[in-house]
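Engineer: So that we are looking at the same thing, I have put the structure below in structure tokens.
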Amino acid sequence: MMKLKKQFFYIFITLLHIVKQYFVSSERIAEKKCKEYAEHVYVNETVPVLRIGAGTNNVSKCAIVEVPLIVGGVKAKPMEFPHMAVIGYGKEIFWQCGGTLISEQFVLTAAHCLDSMDKGPAIKVRFGLINLKQPGPTMQERNIIERIKHPDYKLPSKYNDIALIKFDKPLELNAEVRPACLEVNHSPPGKQAIASGFGKTSYDSSVGSDELMKVTLNHVETELCKKIFSVESGGVHLPRGIIPSMICAGVIEGGKDTCQGDSGGPLQRVLTNPYCTYSVIGVTSFGKFCAFKNSPAIYTRVSSYLDWIEKIVWPSG
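Under mature numbering (1 follows the signal peptide of the UniProt record, and there is no 0), residues -26 to -1, 1 to 291 are what the sequence shown spells out, in order.
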């Protein structure tokens, strides 16, 4: 009897190991990288020698506001969006689009942000700043060496408005500059998400904001979104109307939205696991009128493009 119990025990342990290995191996590259990059929220700090327990401690530098308070938005705090990128164009460098750091050497943005109509192609990208005019010591700047738009992005259509930017050398990852996670769920939990960017803070403003802004937006039901964009549906911009690879978000009553200059930036949600990390749900694509009533914006759904992103950013797995 004892021998039989031992056999069952070993069989159980073996099966448990197989199941565990299956789930580990079935994890997407993006999920593995998410956990890896999340570790950069911790820094080693030296404890003074005269204190009890002197040595080094692993200390969290998390700056995410648990209940997040851009049009209708508020200023972001230092290190609150460590994955936020701003993209520059022209000889004098005009910062006109946003993006999301997703690895040491790649930014996720909108395809229409790869070129500026009046300034030419995107040439520089900055990280680790919350004020464009006062970069500070945490800022890192890189030169763009490759602009990769999604192969199915064809103007004047608004579909597949997603792109990757590769820069000249890897970033130094730390608590101030670290990648966000990519959303793997097609329908992520929660009815709200957070947008961030340096865009216009009102519809009639002629320039973007020097300060990084954040705003909480509601997910807008697909059927309602289709009605709102019914005039554009069937036209050259939306020949098939609103499709599953798009996310509709805003505040139907008006007052909160993303604006010009926020393009390419992230629509995101806060993760509890990994700790102190954002998951990028969407890429800011286009809208009607900034923060007007019944004028939500459209975001490119990140989960619809994971295969394409992973093959380029992490080709060796």
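Note that CB positions come from ideal geometry on N, CA and C, so glycine has one too.
(1) Counting only the same chain and skipping the five closest in sequence on each side, list residues whose C-beta sits under 6 Å from that of PHE55.
(2) Can you tell me which of PRO144, LEU129, LYS98, GLU150 puts its alpha carbon nearest to the alpha carbon of PRO111?
(3) Got a sec? Which residues, its chain only, sit under 6 Å from GLY102 by beta carbon, not counting five neighbours each side?
(4) With a floor of 3 residues, list each beta strand (DSSP E) that falls wholly inside the stretch 115 to 168, ordered by position along the chain.
(5) For ILE216, which three-state DSSP category applies?
(6) For LEU156, which of VAL194, THR190, VAL15, TRP288 has the nearest alpha-carbon?
(7) Are the Cβ atoms of ILE122 and THR83 separated by less than 8 Å?
(8) Does the distance from the CB of TYR11 to the CB of ASN32 come in under 8 Å?
(9) Measure the alpha-carbon distance for GLU185 versus GLY73 and round it to whole angstroms.
(10) Beta-carbon within less than 7 Å of HIS(-10)'s beta-carbon, same chain only, minus the 5 sequence neighbours each way: which residues are those?
(11) What would DSSP say about TRP288, mapped onto helix, strand or coil?
(12) Below 8 Å on the Cβ atoms is my contact criterion, and I expect HIS211 with PRO130 to pass it. Report the Cβ-Cβ distance as a whole number of Å.
(13) Whole angstroms are fine: how far does the CA of THR190 sit from the CA of LEU43?
(14) How is ASP89 classed by DSSP in three states: helix, strand or coil?
(15) State the Cα-Cα distance for the pair SER77 and GLU284, rounded to the nearest angstrom.
(16) Just reading off the beta strand (DSSP E) that ILE272 is part of, what are its end residues?
(17) Nearest to ILE119 by CA position, among THR246, LYS93, TYR127, ILE61, is which residue?
(18) Got a sec? Which residues, its chain only, sit under 8 Å from SER278 by beta carbon, not counting five neighbours each side?
(19) Using CA coordinates, which residue listed in SER290, GLY291, THR274 is at the minimum distance from ALA137?
(20) Going by the C-beta, is ALA50 closer than 7 Å to any heavy atom of the ligand FMN?
(21) How many Å lie between residue 292 and LEU245 at the Cα?
(22) In the DSSP assignment, find the beta strand (DSSP E) that holds THR74 and state where it starts and stops.
(23) Looking at the structure shown, is CYS222 part of a helix, part of a strand, or coil, going by DSSP?
(24) Looking only at its chain, what residues have a beta carbon closer than 7 Å to the beta carbon of PRO153, apart from the 5 residues adjacent to it on each side?
(25) Assign VAL225 to buried or exposed, taking buried as 16 or more other Cβ atoms, counted over all protein chains shown, within 10 Å of its Cβ.
(26) Which residues does DSSP list as the beta-bridge partners of TYR63?
(27) Where do the N-terminal and C-terminal ends of the beta strand (DSSP E) with LYS188 fall, by residue?
(28) Pick helix, strand or coil for VAL210, following the three-state DSSP scheme.
(29) What separation, rounded to the nearest whole angstrom, lies between the Cα atoms of LYS93 and PRO248?
(30) Within 10 angstroms of the Cβ of PRO162, are there 16 or more other Cβ atoms? Answer buried if so, exposed if not.
(31) In its own chain, which residues sit with a C-beta less than 6 Å from the C-beta of GLY47, not counting the 5 before and 5 after it?
(32) Looking at C-alpha atoms only, which residue of ALA59, ILE272, CYS36 is the closest neighbour of LEU198?
(33) Going by CA-CA distance only, name the one from ARG243, ILE286, ARG2, LYS132 that's closest to HIS86.
Structural biologist: For this structure:
(1) As a working note, residue 55 is residue 81 in the sequence shown. Here the set comprises SER170.
(2) Working through the sequence shown from its first residue, we reach residue 111 at position 137. Checked all of PRO144, LEU129, LYS98, GLU150; the closest Cα to PRO111 is GLU150.
(3) On the sequence shown, residue 102 is found 128 positions in, with the first residue counted as 1. The answer, listed in chain order, is THR112, MET113, GLN114, GLU150, VAL151.
(4) For the stretch 115 to 168, whole beta strand (DSSP E) runs of length 3 or above, ordered along the chain, are 137 to 141.
(5) Here residue 216 is taken as the residue at index 242 of the sequence shown, counted from 1. In this structure, ILE216 counts as coil in the three-state DSSP scheme.
(6) What you label residue 156 is simply residue 182 of the sequence shown in a count that begins at 1. Selected option, being the one with the closest Cα: TRP288.
(7) Position 148 of the sequence shown holds residue 122. Position 109 of the sequence shown holds residue 83. If you check the CB distance, ILE122 and THR83 do not come in under 8 Å.
(8) Taking the sequence shown and counting its residues from 1, one reaches residue 11 at position 37. Taking the sequence shown and counting its residues from 1, one reaches residue 32 at position 58. Their beta carbons are not under 8 Å apart, which means TYR11 does not touch ASN32 by this criterion.
(9) On the sequence shown, position 211 is the one that residue 185 refers to. On the sequence shown, position 99 is the one that residue 73 refers to. Whole-angstrom Cα-Cα distance: 15 Å.
(10) In the sequence shown, counting from the first residue as 1, residue -10 sits at position 17. Reliability of the predicted coordinates at HIS(-10) is poor, the pLDDT of 42 falling under 50, and the value obtained from them is presented with this limitation in mind. So the list is empty, once near-sequence residues are dropped.
(11) Walking along the sequence shown from the start, residue 288 turns up at place 314. In the structure shown, TRP288 adopts coil according to DSSP, grouped into three states.
(12) To locate residue 211, count along the sequence shown from 1; it is residue 237. To locate residue 130, count along the sequence shown from 1; it is residue 156. Right, the Cβ-Cβ distance comes to about 6 Å (below 8 Å), so this counts as a contact.
(13) On the sequence shown, residue 43 is found 69 positions in, with the first residue counted as 1. On the sequence shown, residue 190 is found 216 positions in, with the first residue counted as 1. Here LEU43 scores only 48 on pLDDT, less than 50, and its place in the model is too uncertain to base an answer on.
(14) As a working note, residue 89 is residue 115 in the sequence shown. If DSSP states are grouped into helix, strand and coil, ASP89 belongs with the strands.
(15) Taking the first residue of the sequence shown as 1, we reach residue 77 at position 103. Taking the first residue of the sequence shown as 1, we reach residue 284 at position 310. Here the alpha carbon of SER77 sits roughly 11 Å from the alpha carbon of GLU284.
(16) Within the sequence shown, numbered from 1, the residue matching residue 272 stands at position 298. DSSP places ILE272 in the uninterrupted beta strand (DSSP E) bounded by 271 to 275.
(17) Indexing the sequence shown from 1 puts residue 119 at position 145. Among THR246, LYS93, TYR127, ILE61, the Cα nearest to that of ILE119 belongs to ILE61.
(18) As a first step, residue 278 is located in the sequence shown; it is residue number 304 there, counting from the start. Taken in chain order, the residues that qualify are HIS160, PRO218, SER219.
(19) Translated into the one-based positions of the sequence shown, residue 137 becomes position 163. The alpha carbon of ALA137 has as its nearest neighbour, out of SER290, GLY291, THR274, the alpha carbon of THR274.
(20) Within the structure as shown, the ligand FMN is missing, as the structure has no ligands at all.
(21) The structure shown has nothing for residue 292, since the chain only spans -26 to 291.
(22) As a first step, residue 74 is located in the sequence shown; it is residue number 100 there, counting from the start. THR74 -> beta strand (DSSP E) spans 68 to 75.
(23) As a working note, residue 222 is residue 248 in the sequence shown. The answer is strand: DSSP assigns CYS222 an E or B state.
(24) To locate residue 153, count along the sequence shown from 1; it is residue 179. Excluding its 5 nearest sequence neighbours in each direction, PRO153 has C-beta neighbours in its own chain below 7 Å: TYR11, HIS57, LEU75, ILE76, SER77, listed in chain order.
(25) On the sequence shown, position 251 is the one that residue 225 refers to. Buried, since its Cβ has 16 or more Cβ neighbours within 10 Å.
(26) As a working mapping, residue 63 is identified with position 89 in the sequence shown. According to DSSP, TYR63 bridges with PHE68, ALA96.
(27) For the purposes of this step, residue 188 is taken as the residue at position 214 of the sequence shown. For LYS188, the enclosing beta strand (DSSP E) covers residues 187 to 193.
(28) Reading the sequence shown from its first residue, position 236 is the one you call residue 210. In the structure shown, VAL210 falls within a coil segment according to DSSP collapsed to helix, strand and coil.
(29) As a working mapping, residue 93 is identified with position 119 in the sequence shown. As a working mapping, residue 248 is identified with position 274 in the sequence shown. Taking the Cα positions, LYS93 is about 39 Å away from PRO248.
(30) Counting from 1 along the sequence shown, the entry for residue 162 is found at position 188. With 16 or more other Cβ atoms within 10 Å, it is buried.
(31) Position 73 of the sequence shown, counted from the start, is the residue given in the question as residue 47. Within the same chain, and ignoring the five residues on either side of GLY47 in sequence, the residues whose Cβ sits closer than 6 Å to its Cβ are MET187, LYS188, VAL189.
(32) Looking up residue 198 in the sequence shown gives position 224. The residue with the shortest Cα to Cα distance from LEU198 is ILE272.
(33) For the purposes of this step, residue 86 is taken as the residue at position 112 of the sequence shown. LYS132 is the residue among ARG243, ILE286, ARG2, LYS132 whose C-alpha sits nearest the C-alpha of HIS86.
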